[in-house]
Amino acid sequence: MRIQVRKGAYSNGIMMSGNISLYQMCKCFTTHLPTVRMPVLCSSCSEKRAVLKRPKTGHSLCKACFFWAFEEEVHQTIVAAKLFKPGETVGIAASGGKDSTVLAHVMKLLNERYSYGLELMLISVDEGITGYRDDSLETVKRNQQQYELPLKIVSYEELYGWTMDAIVKQVGLKNNCTFCGVFRRQALDRGAIMLKVDKICTGHNADDVAETVLMNVLRGDIARLRRCTAISTASEGDGVVPRCKPLKYAYEKEIVLYAYFKKLDYFSTECIYSPNAYRGYARTFLKDLESIRPSSIMDIIHSGENLSVREGVKMPVQGTCNRCGYISSQALCKSCVLLEGLNRGLPKLGIGKHHRLHEKILSQQPLTESEERKLKSVDF
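What follows is the structure in C-alpha cells.
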C-alpha cells in the first residue's frame, strides 16, 4: 500500500513528499520520536530516583542509600577484621588524594556513629615533588581544618637529606618509584612514632590490592604474595607501627563516586614521575578485566587470600637492619641500601639483587671499579 503525501509535508521535523509506503511512514515516525526513558527507582528504598549504578554490585541506588551502603560496608570490614580497639590512637595516612580523603571522612563519621572510641590523626609525607606534592599538601591542610584532626607532615629532605626531584635527577624516570615507595613506607612509620599512634590506616582500596597480587604473581615474589592481601599487619619490631586497610574491599570507582556526590575536597592529579611505573601496566590490565567482568577485582583478591605455599619452600627470615634497626630480611634494609647508593653516586645499588655487597657497605670497604661501573649505569 502506498500513500500520496503532499509536497512539503513534515513528520517530526522530517520533510516527506511523493509516494511513500505505509511501512516507510511508520518507520519515519517511530525512528525520529525522541527517546523517553522512565526514571529508575532506587533498588534499596524504592522511593527516590536512582542516581548511579554501583560498579561493585550493579544495584541502582539513590545518593542517600549509596552513602549508607558504602559506609556500612566499610564498618563491616572494620568490625569483621577487628581492626581497632577502644582508646587507640590511629594515624590516617593522608596524601590529599581521593582514597585518603574518603578514608579520613568515613573514619571520622564511623568513629562518631558507632562510638569506636578512637583518637584520629592525619599523617602526611612530603616527598619533595615540585608541582605535585606541594599542591596536594595544601588539600591535606584544608582537610585538617574540615575534619578538625591533628596533622603531622614528615619530609624526605629532613629524614634522608634528599627530595624526589633530586633523586630523579640522579636516577632517571625508570626506577624512581622504587625509591619513593621504600622511603615513604619508612617515613610514615617515623611520623607515626612521633605522634605516638597505635596503628596507621592507609587508603589502599580493592583495585590497589588486586593490582599488587597481579604484580607479585608476575614477579614471582612468593614472600610478598603471601602477605599482600592481609587487611592488617602486626607489629614487626621496634620502629614499625601496625597498619590496616579499612577500604580493602571498596572499589576505586565507588570511592570516586562517594567523593563526588559528597563533594569532598581532594587532589586528583597523578604523580608526574609515575607514568613509567610497573604498577601502571598491572592497573591497565585489571581495568580491561573489570570492563569484561566487574567481579574480577574481588576474584583476584580472594585468590590471593586463599593461596598457600608448598611445604619446604624457602622463605626470607624477618630480622632488623644492622644500621638503622628497621625491619629487614638482609643485613641492610632496602632504605639504607638505596640511600647509600644515592650518597655514593651509585643509584643502581638498591635496584636488583646486590646483597653480597652489603658486608662491604657495612664495613665501609671501597667497591671495585667493575662493581662501581655496573652500579653507575642508568637507563634514562
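Each residue of the sequence shown is one higher than the last, beginning at 844 in my numbering. Using N, Cα and C, we set each Cβ at its ideal position, and we do this for glycine too. Fair warning: this is a prediction, and the values are worked out from it, not measured in the lab.
Shortest Cα-Cα distance from L961 to any of D1064, K951 and N1119 involves K951. Taking 3 residues as the shortest admissible run, the stretch 986-1024 contains the following complete beta strand (DSSP E) segments, listed from N- to C-terminal end: 994-998.
DSSP, read as helix, strand or coil, puts R1153 in coil. Going by beta carbons, V945 and Y1109 fall inside the 9 Å limit. Excluding the 5 residues flanking it on each side, A924 has same chain C-beta neighbours closer than 7 Å at I1074 and S1075, in chain order. Within the same chain, Cβ atoms closer than 7 Å to the Cβ of T982 are found at G939, D1108, Y1109 and F1110, the five residues on either side in sequence being excluded. Within the stretch 1115-1171, the runs of alpha helix (DSSP H) at least 4 residues long that lie entirely inside it are, in chain order, 1121-1135 and 1139-1148.
Bounds of any beta strand (DSSP E) do not take in I1194, whose DSSP letter is neither H nor E. When the five nearest sequence neighbours on each side are left out, the beta carbons in the same chain lying within less than 7 Å of the beta carbon of H1047 are those of K1088, L1090 and K1091, in order along the chain. In this structure Q1029 is buried. Its beta-carbon is surrounded by 16 or more other beta-carbon atoms within 10 angstroms.
Under the three-state reduction of DSSP output, M1037 falls in the helix class. The beta carbon of Y1101 lies closer than 6 Å to those of F913 and V945 in the same chain, with the five residues before and after it left out.
Just measuring C-alpha positions, the residue of P1118, C1167, R1126 and D1050 sitting nearest A1093 is D1050. For C1114, the closest C-alpha among the options L904, L1057 and R976 is that of R976. Burial state of R897 is buried, judged by a 10 Å Cβ sphere holding 16 or more other Cβ atoms. DSSP, read as helix, strand or coil, puts K1096 in helix.
The C-beta of D942 has 16 or more other C-beta atoms within 10 Å across all chains shown, which makes the residue buried.
Distance between F1022 and S1134, taken at the CA atoms: about 32 Å. With a 10 Å radius around the Cβ and a threshold of 16 neighbouring Cβ atoms, E1154 comes out exposed. In the structure shown, the three-state DSSP call for A936 is strand. The stretch 1145-1152 makes no contact with the stretch 1007-1016: fewer than 3 CB pairs, one atom from each, lie closer than 8 Å. Apart from sequence neighbours up to five positions away, the residues of its chain that approach K891 with a beta-carbon distance below 6 Å are C885 and C905, ordered along the chain. With the rule of 3 Cβ pairs closer than 8 Å, the stretch 1033-1048 counts as touching the stretch 981-1000. Looking at the DSSP output, I966 shares a beta bridge with A936 and K995. Taking 9 Å as the cut-off, the Cβ atoms of T932 and K1042 count as close. Relative to the Cα of D969, the nearest Cα in the group E1001, I1098 and L1068 belongs to E1001.
The C-alpha of A893 is placed about 6 Å away from the C-alpha of V883. In the structure shown, K1105 adopts coil according to DSSP, grouped into three states.
Only exposed fits R1062, as fewer than 16 other CB atoms lie within 10 angstroms of its CB. In the three-state reduction of the DSSP assignment, K925 falls in the coil class, being assigned neither a helical nor a strand state. The Cβ atoms of A1053 and M1141 sit closer than 9 Å to each other. Checking the DSSP bridge columns, you'll see L895 partnered with L904.
Taking the CA atoms as reference points, T1127 sits about 27 Å from F909.
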